[in-house]
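Visitor:
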Amino acid sequence: MEQLKVVGKSELRVDAKDKVSGKAIYPADIYMENMVYGYTVRSTMPHAEIAVDKKAAEAYPGVLAVFTAEDVTGLNHHGVVFKDHEVFCSKKVRRIGEPIAFVVAETMTAAKAAAKLVNVEYKELPAVFDPIEAMKEDAPKIHGDSNILYHYKLRKGSMDEAFSKCAVVVESTYETSMVDHAFLQPEAGVAYVEEDGTITLVVATQYPHYDREEVAEALGLPHDRIKILTAAVGGAFGGREDVTVQIHLTLAAMKLNRPIKTIYTREESFEAHSKRHPMKMKYKTGALADGTLYAMEAEIVGDSGAHASWALNVLRKAGVHATGPYTIPNVKVDSYAVYTNNPFTGAMRGFGAGQVPMAYEQQIDEIAKRLNMSPIEIRLKNCFKVGSETATGQVLEESVPLTETILKAAEAMNFEAKDQSSSRKKKGKGIASIFYGTGYGNGFPDVSNARAELKADGRIYVYAGATEVGQGAKTALSQIAAEAVGVQLDAIVFINEDTSKTPDSGTAAASRQTYNTGNGIKIACEQLRLEMLELAKEVLKLNTTVGLRINNGIVEVKSLPGRNISLEALYAEAAKRGKNLKIDRTFVAHSVRMDDETGQGAPYWPYTFAAFGVEVEVDTDTGKVDVLNAVCAQDVGKAVNPMLIEGQIEGGFAMGMSWTLYEDLGLQQGKIKNNNFSNYIIPTSLDMPEIKNIIVEAPESTAPFGAKGIGEPVMIPAMPAILNAINDAVGIRITKLPASPQEIVRLLKEKQA
Amino acid sequence: MHVEALKEKISFKLNGKEIEVEADPSMRLIDFLREVLGLTGTKEGCGEGECGACTVIIDGSTANSCLVLTSQIKGKELYTIEGLQKGEELHPIQQAFIDAGAVQCGFCTPGMVLSAKVLLDKQPEPAEGDIKRAISGNLCRCTGYKKIETAIKMASDYMKKDGAE
Ligand code: FES
Ligand code: FES
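Protein chains in written order, with our numbering: chain A, 4 to 756; chain B, 12 to 176.
1. Would the segment 690-707 of chain A count as touching the segment 293-303 of chain A if we require 3 or more Cβ pairs under 8 Å?
2. Does the distance between the C-beta of E55/B and the nearest non-hydrogen atom of ligand 1 fall short of 7 Å?
3. Once the 5 residues before and after E89/A are set aside, which same chain residues still bring their CB inside 7 Å of it?
4. What's the C-alpha gap between E600/A and E93/B?
5. Anything in the segment 63-77 of chain B with a Cβ closer than 7 Å to a Cβ of chain A? List those residues in chain order, please.
6. Which of the residues in the segment 273-296 of chain A, read from start to end, lie with their CB under 9 Å from any CB of chain B?
7. Applying the 10 Å Cβ sphere with the 16-neighbour rule, what's the burial state of R152/B?
8. Thinking S338/A and G322/A are a contact (beta carbons under 8 Å), I'd like their distance in whole angstroms, please.
9. Under 8 Å between C-beta atoms, does E653/A make it to chain B?
10. Against E61/B, what residues of chain A qualify as contacts under a CB-to-CB distance less than 7 Å, listed in chain order?
11. Considering only the alpha carbon of each residue, which of L89/B, D173/B, E100/B lies closest to G71/B?
12. Counting along the chain, where does the alpha helix (DSSP H) carrying C528/A start and finish?
13. What are the boundary residues of the beta strand (DSSP E) that I231/A is part of?
14. Would you say the beta carbon of C92/A comes nearer than 7 Å to a heavy atom of ligand 1?
15. For K428/A and A467/A, I'd like the C-alpha separation in whole angstroms.
16. Kindly indicate the opening and closing residues of the alpha helix (DSSP H) around Y169/B.
17. Give me whichever residues DSSP pairs with D337/A in a beta bridge.
18. Evaluate contact between the segment 449-463 of chain A and the segment 408-423 of chain A, counting only Cβ atoms and requiring at least three cross-stretch pairs below 8 Å.
19. Could you check whether the Cβ of G117/B sits closer than 7 Å to any heavy atom belonging to ligand 1?
20. Less than 6 Å between C-beta atoms, sequence neighbours within five positions excluded: which residues of the same chain meet that for K164/B?
21. Within 8 Å, do at least three Cβ pairs link the segment 155-162 of chain B to the segment 128-146 of chain B?
22. If you draw a straight line from the C-alpha of Q397/A to the C-alpha of G327/A, how long is it?
23. Span of the alpha helix (DSSP H) holding I648/A?
24. Within its chain, find whatever has a CB closer than 8 Å to the CB of M4/A; leave out the 5 residues flanking it on each side and keep chain order.
25. Quick check on the burial criterion: 16 or more other C-beta atoms within 10 angstroms. Buried or exposed for P30/A?
26. Answer with buried or exposed for K430/A, where buried requires no fewer than 16 other C-beta atoms within 10 angstroms of its C-beta.
27. Could you give the DSSP three-state label for M282/A: helix, strand or coil?
28. Return no unless some Cβ of chain A is closer than 8 Å to the Cβ of T81/B.
29. Does any C-beta atom of chain A lie closer than 8 Å to the C-beta of K143/B?
30. Between Q105/B and chain A, is any beta-carbon pair separated by less than 8 Å?
31. Going by the DSSP bridge assignment, what does R243/A pair with across the sheet?
32. Taking 7 Å as the cut-off, is the CB of R382/A close to at least one heavy atom of ligand 2?
33. Within 10 Å of its beta-carbon, does G223/A have 16 or more other beta-carbons around it, so buried, or fewer, so exposed?
34. Assuming contact is defined by CB atoms lying nearer than 8 Å, are R97/A and N344/A in contact in what I supplied?
35. Determine whether the Cβ of D173/B lies closer than 8 Å to any Cβ atom of chain A.
36. Would I266/A and P189/A be called neighbours here (beta carbons separated by less than 8 Å)?
Structure, rendered in structure tokens:
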């Protein structure tokens with residue numbers, strides 16, 4: 004194989020210059036002539052019938068319109084899987100924060116003042132906030148006649164006597180918390196009508212093409228009347244997958260024929276978008292005397308809140324990943340997604356695969372302890388290797404460097420060396436290893452379209468609807484394109500911001516863009532290269548394309564560099580011949596639907612692996628946990644851009660640590676109490692440990708240059724590694740997140756008693 | 012964003028230039044910068060002084076422009092992110108942020124760069140702890156801060172070499 008020239012290098016981000024100079028345009032940065040402002044009226048009750056009177060608000064000076072359910076011109080709904088969100092609530096509200104009206108006025112001040120005059124009469128209905136309660140027959144129903152919206156079953160081997168054969172069995176329940184993405188840029192957007200009648204929406208989104216469908220359906224327009232422009236996105240992490248501002252803005256622009264803008268406050272942002280599914284997990288794991296994991300039974304209940312969003316997919320992913328990256332012959336998993344009147348939950352980095360390690364990683368550690376094995380030894384013994392079979396019966400035939408990640412993490416943190424401090428501050432070390440299946444999964448068509456075109460300036464224009472959300476997609480995918488065509492990075496023009504120009508490349512989520520869209524771009528670019536060389540052969544009067552290379556924007560005969568043609572000239576030659584050097588290609592990821600009764604199938608591909616080790620210090624008086632060091636060994640397949648990967652790992656670790664130790668919505672009766680950064684705590688620079696990144700490469704043959712997606716796997720091991728380290732330090736087991744000082748003190752007291 | 016109120020003449024130094032403008036003194040500085048002067052590099056992440064995305068430099072110190080009123084900048088020297096580069100040439104701190112991979116979504120970046128500038132202006136060779144403290148009022152959800160800290164160290168080297176600023 005020829006050496007890679009662009010892939011594998013820490014190329015500088017293509018979007019960085021605009022971002023450091025303040026020139027990058029986020030949606031809130033757009034100001035237009037004649038622009039008006041919109042403000043959303045939201046429900047203040049978790050479950051109620053409503054009657055809306057908007058007359059007083061309409062009469063307020065400066066108000067142009069107050070839109071409610073009756074004004075929606077198409078279908079008054081949206082939703083990524085089930086259409087169970089209303090654009091505006093018509094008869095009922097199901098959570099606090101659901102949109103009821105959108106007030107449009109000449110100024111934001113007027114819109115906000117008038118919003119107070121929208122009179123919503125609530126007739127309160129019984130509500131339910133605990134998903135276990137919500138599963139009961141007599142619980143208040145959120146939608147339809149059952150709150151259970153999904154049940155995934157995984158069955159492998161036989162549970163009869165499985166546990167009785169085990170030398171050690173551990174059993175416990177665990178509860179993860181509902182948390183917010185807390186991306187730094189609150190939702191905002193601008194919509195306007197173009198001269199030809201196209202309704203254009205500028206927004207920060209993860210999936211512009213899907214937004215276009217949702218908007219078109221709600222407005223009752225064909226989707227080619229709608230154009231979505233993706234502005235710079237100030238972080239996403241899954242929280243920009245569901246529609247927030249999109250339909251309200253386009254509807255208002257269409258009706259009023261004026262540019263309209265909205266910006267959410269931080270508090271409103273907390274109410275408007277999805278959250279991470281909190282999960283209640285009943286887990287039982289057994290091992291034979293030699294440490295071989297033998298049986299696992301798990302029941303996982305995820306709180307979907309008032310809407311389904313991605314609940315099916317999240318609870319499915321939780322179920323598939325319930326065993327952790329370990330071979331276990333006998334497995335029974337049931338996972339459920341349940342409606343409640345809580346804030347709705349959806350996609351968030353980790354997507355179900357991030358919650359279950361709280362259980363499986365703590366249980367494997369506990370088993371090791373009881374069998375007198377080290378946490379490293381038990382993981383090495385049971386972890387997936389090439390040829391292993393997952394609980395769904397999927398054979399991992401390549402790119403499974405989990406053993407290597409565990410060994411490297413253990414070595415780098417000197418895992419076995421123990422700090423024998425006896426002061427009130429106790430140190431401890433913990434390790435966690437995880438796996439993560441890329442993509443939508445379960446046989447759902449996971450499609451990325453991409454286009455590559457040689458243009459008159461001699462550069463390669465790559466079109467893909469893959470959003471840059473900060474993860475570096477634009478840079479990494481440009482590198483893949485450059486490598487595939489055989490040009491330098493600066494010869495690639497990457498266009499991903501406009502649905503009227505780009506093909507649909509699926510969502511910027513599920514860690515799928517590098518693998519899926521990367522593949523689509525690679526095959527389009529390879530074909531473009533072939534056609535470019537074919538034409539060069541013709542123009543240069545050669546008998547073959549063998550021996551041709553592209554060098555600095557010139558196609559030349561390797562052994563006779565004087566015989567050449569520039570890419571600009573090549574474009575002109577193509578144009579002369581009426582030929583388009585423009586290639587469209589589609590990549591569809593491999594995924595086999597699972598059996599409904601047994602969960603057997605090949606739901607995701609590829610899987611990515613990681614092992615993180617951490618050292619913590621626990622203050623036994625105050626319960627405060629400091630993470631001192633972290634070692635992050637991350638499988639990447641092949642590193643497209645090591646510097647971008649390191650940035651992802653460090654940010655992922657911070658997010659995982661924050662979830663474990665700090666974040667708390669203070670949810671009470673469906674109401675988010677901690678809705679700004681003074682009480683919703685995320686880490687500052689002072690909270691972060693030293694982080695050592697270890698990039699482990701094991702190229703995957705179906706991936707573009709071997710590269711797998713890492714956006715989510717990089718955060719998943721942080722939480723269980725910290726929890727295991729806390730146990731190592733002070734001997735308590737965290738069964739409820741966050742591991743707050745109060746919770747630690749409570750558990751320490753309980754232990755002493 | 013704001014009710015029309017009585018305007019006043021306000022003069023101050025913006026990004027190195029003396030200016031005098033008609034402004035509503037009770038407007039938040041961030042709104043004045045973004046909406047009146049069109050300087051949208053200053054970002055709003057919380058509006059409550061908690062995130063630092065709106066950081067600007069007033070008389071050599073960082074300030075959260077969401078908590079400052081326009082009246083408070085009379086006679087002061089104000090820097091925003093737009094004032095750092097000279098034409099196309101980036102300030103060494105901006106270049107270091109690019110080179111170190113300190114930028115992801117970029118929403119915290121202008122504020123981070125300005126906090127770094129205040130630090131390096133006062134302390135050209137900061138210790139690790141100084142760097143961490145200097146950006147502890149700037150939240151970043153993407154990077155875990157590590158590459159930002161590296162960038163600030165790198166910028167300190169760049170500036171030493173340049174002998175500039
Ligand atoms: S917007 Fe001013 S500190 Fe957050
Ligand atoms: S780069 Fe996204 S918040 Fe800092």
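Cβ atoms here follow ideal geometry from the backbone N, Cα and C, with glycine treated the same way.
Treat the numbers as computed from the prediction; the structure is a model and nothing was measured.
Guide: Quick look at the numbers:
1. no
2. Along the second sequence, read from residue 1 onward, the residue named residue 55/B stands at position 44. Yes, Cβ of E55/B sits closer than 7 Å to a heavy atom of ligand 1.
3. The residue given as residue 89/A occupies position 86 in the first sequence. Around E89/A: A72, N79, H80.
4. Position 597 of the first sequence, counted from the first residue, corresponds to residue 600/A. Position 82 of the second sequence, counted from the first residue, corresponds to residue 93/B. Their backbone Cα atoms lie some 60 Å apart in a straight line.
5. A64
6. none
7. Mapped onto the second sequence, residue 152/B falls at position 141. Label assigned to R152/B: buried.
8. Within the first sequence, the letter at position 335 stands for residue 338/A. Within the first sequence, the letter at position 319 stands for residue 322/A. Contact holds; Cβ gap of about 4 Å.
9. Counted from its first residue, the first sequence places residue 653/A at position 650. Yes, E653/A lies at the interface with chain B (some Cβ there is under 8 Å from its Cβ).
10. Counting from 1 along the second sequence, the entry for residue 61/B is found at position 50. The contacting residues are N679, F680, S681.
11. To locate residue 71/B, count along the second sequence from 1; it is residue 60. Per the Cα distances, L89/B.
12. In the first sequence, counting from the first residue as 1, residue 528/A sits at position 525. It spans 521-542 - the alpha helix (DSSP H) in which C528/A sits, taken as one unbroken run.
13. As a first step, residue 231/A must be located in the first sequence, where it is residue number 228. 229-233 is the span of the beta strand (DSSP E), which, as asked, contains I231/A.
14. By one-based count along the first sequence, residue 92/A stands at place 89. C92/A Cβ: outside cutoff for every heavy atom of ligand 1.
15. Numbered from its first residue, the first sequence carries residue 428/A at position 425. Numbered from its first residue, the first sequence carries residue 467/A at position 464. Cα-Cα distance, rounded: 52 Å.
16. In the second sequence, residue 169/B corresponds to position 158, counting from 1. Residues 157-173.
17. On the first sequence, position 334 is the one that residue 337/A refers to. Answer is K156/A, E302/A.
18. no
19. Taking the first residue of the second sequence as 1, we reach residue 117/B at position 106. No, the Cβ of G117/B stays beyond 7 Å of every heavy atom of ligand 1.
20. The residue you call residue 164/B lines up with position 153 of the second sequence. So the list is empty, once near-sequence residues are dropped.
21. yes
22. For the purposes of this step, residue 397/A is taken as the residue at position 394 of the first sequence. For the purposes of this step, residue 327/A is taken as the residue at position 324 of the first sequence. Cα-Cα distance, rounded: 14 Å.
23. In the first sequence, counting from the first residue as 1, residue 648/A sits at position 645. Segment 645-664, the alpha helix (DSSP H) holding I648/A.
24. Taking the first residue of the first sequence as 1, we reach residue 4/A at position 1. Its pLDDT being 49, under 50, M4/A is placed unreliably in this model, and the value from its coordinates should be taken loosely. Excluding positions up to five away in sequence, the list is empty.
25. Here the question's residue 30/A lines up with position 27 in the first sequence. Classification of P30/A: buried, given that the 10 Å Cβ count is 16 or more.
26. Position 427 of the first sequence, counting from 1, holds the residue named residue 430/A. Buried is the call here.
27. For the purposes of this step, residue 282/A is taken as the residue at position 279 of the first sequence. In this structure, M282/A counts as strand in the three-state DSSP scheme.
28. Within the second sequence, the letter at position 70 stands for residue 81/B. No - not a single Cβ of chain A is within 8 Å of the one on T81/B.
29. Stepping through the second sequence from its first residue, residue 143/B is reached at position 132. True, the Cβ-Cβ gap to chain A drops below 8 Å.
30. Within the second sequence, the letter at position 94 stands for residue 105/B. So, interface residue.
31. Here the question's residue 243/A lines up with position 240 in the first sequence. The partner list for R243/A (beta bridge, DSSP) is empty, contrary to what the question assumes.
32. As a working mapping, residue 382/A is identified with position 379 in the first sequence. Result no, Cβ not under 7 Å from ligand 2.
33. Within the first sequence, numbered from 1, the residue matching residue 223/A stands at position 220. Burial call: exposed.
34. Your numbering for residue 97/A matches position 94 in the first sequence. Your numbering for residue 344/A matches position 341 in the first sequence. Contact: yes.
35. Your numbering for residue 173/B matches position 162 in the second sequence. No, D173/B lies away from the interface with chain A (no Cβ there is under 8 Å from its Cβ).
36. The residue you call residue 266/A lines up with position 263 of the first sequence. The residue you call residue 189/A lines up with position 186 of the first sequence. In contact: I266/A and P189/A (Cβ atoms closer than 8 Å).
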